[in-house]
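Asks:
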Amino acid sequence: MSDWTPSQHELERRRLRRQLRTRSVAIATVMTVVVFVALGLGITGSPGWASVKELFFSRADAREALPDIWSALWLNIKMFLIAEAFILVFAMLIALARVSRSPWLTPLRLVAVAYTDVVRGIPTILLVYLLAFGMPALRLQGTPNSAFFWATVALIISYSAYVAEVFRSGIQAVHPSQWASAEALGLSRPQTLRHVVVPQAVRRVVPPLLNDFVSLQKDTALASAAGVFEAVFVARDYGNYNFNYTPLVVVSCFFIVLTVPLARLCDGLTARMRRRELAGAL
Amino acid sequence: MRVRRTLAAVAVLPLALAAVACAPESDGGSSAKDPSGSPAATGDACATDALALRTPGQLTIGTDSPAYEPWFVDNDPTNGKGYESAVAYAVAEQLGFSKDQVKWVKVPFNSSYKAGPKDFDFDINQISISEKRARAVDFSDGYYAAGQAVLALKGTKGAEAKSLADLKGLRLAAQTGTTSLTAIRDVIKPDTDPVVFEDTNAAKQALQNDQVDAIVADVPTAFYISSAEIDNSVLVGQFQPEAGEQEEFGLLFEKGSELVPCVNTALGALQDDGTIAQLEQQWLSDAVDVPVLQ
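So the sequences go chain by chain: U and B.
Using the UniProt record's numbering, you'd call the opening residue of the first sequence number 1 and step up by one each time.
Using the UniProt record's numbering, you'd call the opening residue of the second sequence number 1 and step up by one each time.
1) Could you tell me which residues DSSP pairs with F249 (chain B) in its beta bridges?
2) Run through DSSP, which three-state label would I61 (chain B) get?
3) Mind checking whether Q58 (chain B) and K99 (chain B) have CB atoms under 8 angstroms apart?
4) Please list, in chain order, all residues of the same chain as G62 (chain B) whose beta carbon is under 6 angstroms from its beta carbon, the five residues on each side excluded.
5) According to the Cβ coordinates, are A203 (chain B) and Q94 (chain B) closer than 8 angstroms?
6) Of the choices B:A52, B:Q175, B:Q208 and B:G274, whose alpha-carbon is the least far from that of K118 (chain B)?
7) Kindly indicate if chain U contains any beta-carbon less than 8 angstroms away from that of A40 (chain B).
8) Could you have a look at L193 (chain U) and say whether DSSP puts it in helix, strand or coil?
9) What are the boundary residues of the alpha helix (DSSP H) that V34 (chain U) is part of?
10) In the DSSP assignment, find the unbroken beta strand (DSSP E) run with G237 (chain B) in it and report its ends.
11) Closest Cβ-Cβ distance between S51 (chain U) and chain B: below 8 angstroms?
12) By DSSP, does Q211 (chain B) sit in helix, in strand, or in coil?
13) Does the Cβ of V118 (chain U) have 16 or more other Cβ atoms within 10 Å, making it buried, or fewer, making it exposed?
14) Among the candidates U:L88, U:T32, U:P47 and U:G239, whose CA atom is the shortest distance from the CA of T178 (chain B)?
15) I'd like to know whether the C-beta of R135 (chain B) is nearer than 8 angstroms to at least one C-beta of chain U.
16) Cβ of Y68 (chain B) less than 8 angstroms from any chain U Cβ?
17) Considering only residues of the same chain and omitting the five flanking positions on each side of D199 (chain B), which have a CB-CB separation below 7 angstroms?
18) Taking 8 angstroms as the CB-CB limit, is G43 (chain B) close to chain U?
19) Return the chain-ordered list of same chain residues with a C-beta closer than 8 angstroms to the C-beta of A21 (chain B), the five sequence neighbours on each side being excluded.
20) Which residues of the region 165-176 of chain B have a Cβ closer than 8 angstroms to any Cβ of chain U? Give them in chain order.
21) Rounded to whole angstroms, what is the Cα-Cα separation between A86 (chain B) and G80 (chain B)?
22) What is the residue span of the beta strand (DSSP E) that F197 (chain B) lies within?
23) So, for A38 (chain U): in the same chain, excluding its five sequence neighbours on each side, which residues have a beta-carbon less than 7 angstroms away from its beta-carbon?
24) Identify which residue in U:F57, U:F167 and U:P247 has its Cα closest to the Cα of V232 (chain U).
25) By the three-class DSSP mapping on this structure, what secondary structure does A50 (chain B) have?
26) On the three-pair Cβ rule with 8 angstroms, is the region 139-152 of chain B touching the region 213-225 of chain B?
27) So, with DSSP's three-state summary, where would you put W150 (chain U)?
28) Can A161 (chain U) and T116 (chain U) be called in contact, C-beta distance under 8 angstroms?
29) Taking Cβ positions, are V216 (chain B) and A161 (chain B) nearer each other than 8 angstroms?
30) Quick one: grab the DSSP three-state call for T176 (chain B).
31) Using 8 angstroms for Cβ pairs, my map puts N244 (chain U) next to S58 (chain U). What's the rounded Cβ distance?
32) Within the 8 angstroms Cβ cut-off, does A65 (chain U) reach chain B?
33) Mind the definition here: the region 73-91 of chain U touches the region 143-161 of chain U only if three or more C-beta pairs lie below 8 angstroms; say whether that holds.
34) Smallest Cα separation from P238 (chain B): which of B:D193, B:A88 and B:A159?
35) Are any of the Cβ atoms in chain U nearer than 8 angstroms to that of K255 (chain B)?
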């Protein structure tokens, strides 16, 4: 065994493979460099680049707007966290109403269908306008007239409808055999939902849920329509006053930074759920 | 191998095309305004047909929509009514354009200063001239010196203010990006942060909903809101935002526009022959009665 050497053929094959690999790495590198350098040159060499650089990437303006944006961002985060908690609960209730079978619950089912249809049809920004300016205008005793409050309510109403549909699709994606087995075990329909179907449904819809969370995070900026001075509005206001868009780039970076950990968290959650689901099976 | 190479070529193609497609277009855009090629460099640079215009033979003027009174009337810039509409037509006439050679375009305030070529020859939209703004766009000389006015509902604590110091404890509102907002921050310095709105409509609603105590706007705007839009409101007073230095509205041009000197000459002539003063009297005169806050 020890005096084995590869045959001429094998060496030839290896050499060829190495050659091909080197070639394709070289092509990939050259192409990548060429494309990105060309893009870079194309952008920086464009006739308008100087003004774009001044208007969108001005260091001085970024530094000046940064502290205000940073402190306003807390408002967005707060709004997001509050809204998210309510949305998860409401959306699940709406989804459950929609998949209910009992004839007693028909009115509830109809309300849930109408709710998702109507609310999803209204642009979120209009809901913000309507609630933040309309509700205080009613002058109802005991209702708050804070724009922050009503903008958050508008987000909750809007996103509950979307997320309800996500939950419903998850519930309906659970295989009928699961229902049948639960029935065979003598579980009632509510019990089946609670212990068998919903847990599986939620696991399935984590990625689309994350999508909606990320959207929600950014849609907190819609509160600006009602005069809530959140991070994006702070950036726009600075820009409108100084005629410079740089703060918008700054605030975009903040939102990306907020989104990435959320995405990783959800990846982690899905992986953990998957491991648990497969435990012992593989 | 062949398939893959084709795929790679196809993948790169759009990028390459985009690069090729972008270049000549923007070159074309800038060469159209190339000073050396335009007749503006020779002879009477401000002759009507020598002007570097967006559309030859036509003066394109931008303003926001809705266009508010008293700057415009009936949200229709083309009727020549309202101070800014009248000034715009006076400038156009001075430059040698007849009324039907003037075309209006809608330009939201926050896109008036976007980079690159503009859709208008100049924009007239109560835009205050500032050094910082002048880095992104060009301004004409001022055509109106704006004071700031405070507006509140009758019988509320906002209406009782007698001085700038009295305003400190109030919830104040103004429109985003305006000198009114900066005046709140720099001159009044209220105890709570000012409430910022997209437009004066939103600020008005908030005032009526008791979400704010008072709003700050340019004197003529505030005057119009109080007299025509909110019945039970009162102008508490007016003040100059920057001590010593008068705030002025200017026409906004694309950076490097060759029209600026010609328009400034036109504005100068209108200033000298009293047209500006007369138009101000005609459309904005009501504003002078408002008490001054110290």
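Glycine included, every Cβ here is placed at the ideal spot set by N, Cα and C.
Predicted model only: the values in this text are computed from it and were never measured.
Replies: Once the coordinates are examined:
1) B:S128 and B:Y144
2) Here I61 (chain B) sits in strand by DSSP.
3) Going by C-beta atoms, Q58 (chain B) is not nearer than 8 angstroms to K99 (chain B).
4) V105, V107, F120 and D123
5) no
6) B:A52
7) Since pLDDT at A40 (chain B) reaches only 40, below the 50 mark, its modelled position is unreliable, and no value is offered.
8) DSSP places L193 (chain U) in the helix class (H, G or I) of the three-state scheme.
9) Q8 to T44
10) S233 to F239
11) yes
12) coil
13) exposed
14) U:G239
15) yes
16) no
17) Q175
18) Residue placement at G43 (chain B) is flagged as unreliable, the pLDDT there being 47, under the threshold of 50; a coordinate-derived value is accordingly withheld.
19) With a pLDDT of 46 at A21 (chain B), under the threshold of 50, the predicted position of this residue should be treated as unreliable, and no value is reported.
20) Residues A173 and T176.
21) Rounded to the nearest angstrom, the two C-alpha atoms are 5 angstroms apart.
22) V195 to F197
23) none
24) U:P247
25) helix
26) yes
27) Helix.
28) yes
29) Going by C-beta atoms, V216 (chain B) is not nearer than 8 angstroms to A161 (chain B).
30) coil
31) 6 angstroms
32) no
33) yes
34) Per the sequence presented here, residue 238 (chain B) reads as Gln, with Pro not at that position. Minimum Cα distance to Q238 (chain B) is reached at B:A159.
35) yes
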